[in-house]
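The sequence shown stops at residue 107 when you use our numbering, and every number in between is there.
Below is one structure, written out as structure tokens; comments come after it.
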Amino acid sequence: GTFWVTLTSPELDAVYRTGKILEVGQAALYSKAPLFKKWVNEVYAMRRGFIEASNPVFADFSKISLNSLYGKFGQKSGEF
28 GTFWVTLTSP ELDAVYRTGK ILEVGQAALY SKAPLFKKWV NEVYAMRRGF IEASNPVFAD
88 FSKISLNSLY GKFGQKSGEF
């Protein structure tokens, strides 16, 4: 059958290799940037220090902080 789908880079690359893309309705291209690199490196270093110091509470908190930052910036705003 024929259907419309939204794909991101990895999925689009996989489908493109099959040669079965018939039409592209819209495309959005974005440049990559190390937006959070410095912050992630600093918080990750803190997390490693907490792990070495046997401080699981702050180690877990720093892990959640690392994971949550990306999620919040990737979260779609508006109505769901």
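Even glycine gets a Cβ: it sits at the ideal position worked out from N, Cα and C.
Alpha-carbon spacing of residue i relative to residue j, whole angstroms
i, j, result
"leucine 34", "glycine 46", "15 Å"
"tryptophan 31", "tyrosine 43", "14 Å"
"phenylalanine 108", "proline 37", "Any question about residue 108 goes unanswered here, given that the chain covers just 28 to 107."
"alanine 54", "aspartate 40", "14 Å"
"proline 83", "tyrosine 97", "22 Å"
Under 8 Å between C-beta atoms of residue i and residue j
i, j, result
"leucine 93", "tyrosine 71", "yes"
"phenylalanine 77", "serine 89", "yes"
"arginine 74", "alanine 60", "no"
Host alpha helix (DSSP H) of residue i (start-end)
i, result
"proline 37", "36–45"
"isoleucine 48", "Isoleucine 48 -> no alpha helix (DSSP H), and no H or E assigned at all."
"tyrosine 97", "83–101"
"tryptophan 31", "No alpha helix (DSSP H) holds tryptophan 31; DSSP gives it neither H nor E."
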